[in-house]
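K.L.:
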Amino acid sequence: MAERIADAICIFVGYLLATEIALAMHWGRIQVFPPGGASEAQSQYSSLLIFAILSWLTLTAYTETYQAHRTERLNFLARRLIQTLVVWSLVTIAAIFVLKFEFLSRQFTGYFITASMFLIFVRQLGTVLVLRSLRRSAHKWRTAVVIGGDEATCEHFAQLLTAAHPMGYQRVDVQPGKRAVDCNGNRVESDRDFKSASLEAIDDVYLIGVNDGGDGPASAGRMLSLLKQGKSVHIIPSLLDTRLFRQSLGDIAGIPVLSVSKGELSPVQAAVKRAVDFVVSALLLIVLSPVIAAIAVAVKLTSWGPALFRQKRLGLDGKPFTLFKFRTMRADAEQILKDSPSLYAKYLGNNFKLPNGEDPRLAPLGRFLRATSLDELPQLFNVLIGEMSLVGPRPIVPHEAVQYGDSAMLFMSAKPGMTGHWQVSGRSEIAEYRKRVELDLEYIRDQSFGKDLEILLRTVPAVLRRKGAN
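In this text, residue positions in the sequence shown follow my numbering: the first is 753, and each later residue adds one.
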């Protein structure tokens, strides 16, 4: 109820802002209440405000806007909110024409709808971000219990609710077994016996497993009993990790069905992305040609060996291609690594790289080129000929594919990019290779024009700050 009131206030404030904007933009000449019809005009403007508030409250009652979204990803939440706001604006505009509000100014209507949409969007997303920030800090308001499945499965899911994906739980108990997971994801002993004791101190109940003849953890009788106690009940049909896929929830004859699909662009979107890659890379090669030539000469003059470094990488569908970079290491870098077992062991133990400041293979200009990402400019040629894209997952060397495990095929379903989710998230600051893999796979799941634009806009400040570059 509080959120509904807050959004109604946002619409009212949007109405006031629209009035001020209209007056300011038109230097006081906008006729909000035309002469000779002030009372009727005032009635129409007031009706617009009342209808806008009522239509918003009615529409959101059918769109689950005010339901708890503790587990929903922020981008999905924002997308659904934008869709609701667009539908609300179209309904409001349609009502103006149907009701023939002839005294309403079109400029005023535009200002009103735009201001209201902006205020509601900021209010709702701001609330979500604040609550999630509080849940990740010391504000652990709720408790939960995971019931069903074997103990290892229960404890794994409990850790997802705490350390891996903090949701504001101070403690998550597990049944079977008298165990629990605290807010840091650590296993602790529990003094509760859920098979005999009540669940009065529990807020959320997660049931793992399907109905197996009426006695399973998700049986109708058990769920009804929990709901009567005022618990929030969540059913986990099976602990299948679908985070790497796009998901949609439907039902067949009342039985919930989770449908998954891999993230991919439509043929039209792929063609447009390829056209953008070709045009932008060609323009950048022309504009930056003096810089590229100067760097090539500098690399050649400061160290022995070719100016360009060529290496086999895996591209779309696992097809190998030759990646171009400016050489940042000595020409005998591979031999230096092989000649020193201790150095090679450190290289393997540090996710196929050496710690910053401890790499004897670097050429004189190597550190500077890496820190500024200028060593990657020749990859524009890879983009131009279609082996890479401006935005995509990291182009990995063949022996790294094993790090992706069963997800390797999914990873290679997208063309590698010059920049991507990993590059703008800190690059070498991300120590765990597993985290790098997750970032790449998250990009593939969420790939879209909007995602590419977001990454491109984040790339520039990331390069200027030299974030994670070494």
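Glycine included, each C-beta is placed from N, C-alpha and C at the ideal position.
Since the structure is predicted, the reported quantities are computational estimates derived from the model, not experimental observations.
Comparing alpha-carbon positions, which option in GLY1144, ARG1217, LEU1040 lies nearest LEU1208?
P.N.:
GLY1144
K.L.:
Which of the three DSSP states, helix, strand or coil, is assigned to ARG1113?
P.N.:
coil
K.L.:
Leaving out the 5 sequence neighbours to the left and right, which residues in its chain are closer than 6 Å to SER1000 when beta-carbon positions are compared?
P.N.:
SER1011
K.L.:
Measuring CA to CA, which of LEU829, LEU837, HIS1173, ARG894 is closest to THR866?
P.N.:
Comparing Cα positions, the closest option is LEU837.
K.L.:
Straight-line CA distance for PHE946 to ILE954?
P.N.:
For PHE946, the predicted structure reports a pLDDT of 49, less than 50, and the residue's modelled location is therefore unreliable. A value from the coordinates is still provided. In a straight line, the C-alpha of PHE946 is about 11 Å away from that of ILE954.
K.L.:
Considering only their Cβ atoms, is the gap separating PHE860 from GLU792 smaller than 8 Å?
P.N.:
No, the Cβ-Cβ distance between GLU792 and PHE860 is not below 8 Å.
K.L.:
Reducing DSSP to helix, strand and coil, say where ARG1026 ends up.
P.N.:
helix
K.L.:
Report the option in ILE872, VAL1149, TRP1174, VAL1051 whose CA atom is closest to the CA atom of LYS1071.
P.N.:
VAL1149
K.L.:
Please identify the residue among ARG1146, ARG998, ASP956 whose C-alpha is closest to the C-alpha of GLY982.
P.N.:
ASP956
K.L.:
Would you list, in sequence order, the uninterrupted alpha helix (DSSP H) runs of no fewer than 4 residues that lie entirely inside the region 1118 to 1147?
P.N.:
1118 to 1124, 1131 to 1136
K.L.:
My output table needs one value for PRO1072: the three-state DSSP class, helix, strand or coil.
P.N.:
Residue state, collapsed to three classes: strand.
K.L.:
Quick one: residues in its chain with C-beta nearer than 6 Å to the C-beta of ILE872, no 5 flanking neighbours on either side, listed in chain order?
P.N.:
ASP759, CYS762
K.L.:
For ARG923, tell me which candidate among PHE909, ARG894, VAL1043 has the shortest Cα-Cα distance.
P.N.:
ARG894
K.L.:
Give a yes or no on whether the C-beta atoms belonging to ASP925 and VAL880 are separated by under 8 Å.
P.N.:
no
K.L.:
With DSSP run on the structure shown, which of helix, strand or coil describes MET1161?
P.N.:
helix
K.L.:
DSSP three-state call for SER1000: helix, strand or coil?
P.N.:
strand
K.L.:
In the DSSP assignment, find the unbroken alpha helix (DSSP H) run with SER984 in it and report its ends.
P.N.:
Residue range 984 to 988 is occupied by the beta strand (DSSP E) that includes SER984, with no alpha helix (DSSP H) assigned at that position.
K.L.:
Which complete alpha helix (DSSP H) runs does the region 821 to 866 hold, if anything under 4 residues is left out?
P.N.:
826 to 850
K.L.:
Give the DSSP-derived three-state secondary structure of TYR767 in the structure shown.
P.N.:
helix
K.L.:
What span of residues does the alpha helix (DSSP H) with LYS1052 cover, start to end?
P.N.:
Here the alpha helix (DSSP H) through LYS1052 covers 1041 to 1054.
K.L.:
Comparing alpha-carbon positions, which option in LEU829, MET1164, LYS1187, LEU1162 lies nearest HIS1173?
P.N.:
Between HIS1173 and the set LEU829, MET1164, LYS1187, LEU1162, the nearest pair of CA atoms involves LYS1187.
K.L.:
Using 8 Å for Cβ pairs, my map puts GLN1175 next to ALA1123. What's the rounded Cβ distance?
P.N.:
Contact doesn't hold; Cβ gap of about 13 Å is too wide.
K.L.:
Rounding to the nearest angstrom, what Cα-Cα distance links THR810 and LEU1132 in this structure?
P.N.:
51 Å
K.L.:
What residues are listed by DSSP as bridge partners for LEU959?
P.N.:
ILE899, ILE987
K.L.:
Taking Cβ to Cβ, would you say ALA1115 is nearer than 8 Å to ARG1146?
P.N.:
no
K.L.:
At the level of alpha carbons, what is the spacing between GLN911 and HIS986?
P.N.:
16 Å
K.L.:
So is GLY1157 buried or exposed if we call it buried at 16+ other beta carbons inside 10 Å?
P.N.:
exposed
K.L.:
Return the chain-ordered list of same chain residues with a C-beta closer than 7 Å to the C-beta of MET1081, the five sequence neighbours on each side being excluded.
P.N.:
ARG1113, LEU1114, ALA1115, GLY1118
K.L.:
Could you check what DSSP says for MET753 in three-state terms: helix, strand or coil?
P.N.:
coil
K.L.:
What does the alpha-carbon distance come out to for the pair ARG1065 and ALA830?
P.N.:
36 Å
K.L.:
In terms of residues, what are the limits of the beta strand (DSSP E) holding ARG1062?
P.N.:
1060 to 1066
K.L.:
Which residues bound the beta strand (DSSP E) around GLY1169?
P.N.:
1169 to 1171
K.L.:
By the 10 Å Cβ neighbour count, where 16 or more other Cβ atoms means buried, how is LEU851 classified, buried or exposed?
P.N.:
exposed
K.L.:
Taking the straight line between their C-alpha atoms, what separation do you get for GLY900 and GLU907?
P.N.:
11 Å
K.L.:
Around the Cβ of TRP808, are there at least 16 other Cβ atoms within 10 angstroms (buried) or fewer (exposed)?
P.N.:
buried
K.L.:
How many whole angstroms separate the CB atoms of LEU1136 and PHE1030, which I take to be in contact at a CB cut-off of 8 Å?
P.N.:
6 Å
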